[in-house]
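Reading through the structure tokens given below for one structure.
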Amino acid sequence: MAQANLFDAPPHDVGGVGAAVSDAAVSDAAVSDAAVSDSHPLRPWQLVTALAFSATFGLALGARFGALSMVVHAAAVPLGFVAVTLLAVPAFCIGMAHAGVELDVGALTRSVAHALMSAGRALAGLAPAMLLLAVTCESAKSVALFGVLGLAVGSALGMRALFIGLESLESWNRPTAKLLRCAFALFTALLGARIWWALLPMFGGAS
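First residue of the sequence shown? That's -6 in my numbering, and the numbers climb one at a time after it.
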């Protein structure tokens, strides 16, 4: 597909462990993006695996506070993705209908699934670096900050995969559709932040 060509250029070298982790995350996201097509149907076990990948980031995030915290964080990270999907996608569909964008349920379903895969793979790639930071940083606030950055990177790659998957829709490039994309991205970011703030003990959520 044409989208896969976006990744022909080599990734930027930012040095050290962070560069290797970032390269792995972007590479996994590229594979996921390239798989968005009718000829590459998504199987349920792949979606479960993607959520399990995101759980590894939660394990690393909670490592600073013991085994119980690791379990809670590991459950909360994928649960956040599921909650955002269930709450935001229906609103997105309604917005698409009002914007005059033809809704292809099959394309939307595949795109959402591959968005979760991209996010999960990215977070799995970031998990080793997050684990190192969680056990070495002196301040818990620093760990929380890096956790926010990791979740933001994973979510952004997932959002990108979603939008790439929907480019097959003929009316996707209308001005109203572009405006809808921006509004949906902002709404999803705020919703995800609110959900993870409530779920993750590190951010003051349930413990």
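Glycine included, C-beta positions come from ideal geometry on N, C-alpha and C.
Environment of Pro83 [buried if 16+ CB atoms lie within 10 Å]:
So Pro83 counts as exposed.
Whole beta strand (DSSP E) runs in the region 79 to 157 with 3 or more residues, listed along the chain?
none
Check Ser164 in the structure and name its three-state DSSP category.
coil
Residue range of the alpha helix (DSSP H) that Leu52 falls in?
Pro37 to Leu54
Report yes or no: do the region 116 to 126 and the region 35 to 54 share at least 3 C-beta pairs separated by less than 8 Å?
yes
Span separating the alpha-carbon of Phe180 from that of Ala149
13 Å
Counted within 10 angstroms of its Cβ, other Cβ atoms place Ala67 as buried (16 or more) or exposed
buried
For the candidate residues Met195, Gln39, Thr102 and Cys86, whose alpha-carbon lies nearest to that of Arg174?
Cys86
Give me, in chain order, the residues of the same chain whose beta-carbon lies closer than 6 Å to that of Gly88; leave out the 5 immediate sequence neighbours on both sides.
Setting aside the 5 residues that flank it on each side, Gly88 is surrounded in the same chain by Leu173, each with a C-beta closer than 6 Å to its C-beta; the list follows chain order.
Count the other CB atoms within 10 Å of the CB of Val75; is the residue buried (16 or more) or exposed (fewer)?
exposed
Report the rounded CA-to-CA distance for Asn166 versus Gly99, giving the unit in angstroms.
Linking Asn166 to Gly99 through their CA atoms gives a straight-line distance of about 19 Å.
So, helix, strand or coil for Gly185, using DSSP?
In the structure shown, the three-state DSSP call for Gly185 is helix.
Tell me which same chain residues have a C-beta within less than 7 Å of the C-beta of Phe196, skipping the five on either side of it?
Only Ala137, Trp189 and Trp190 meet the Cβ criterion.
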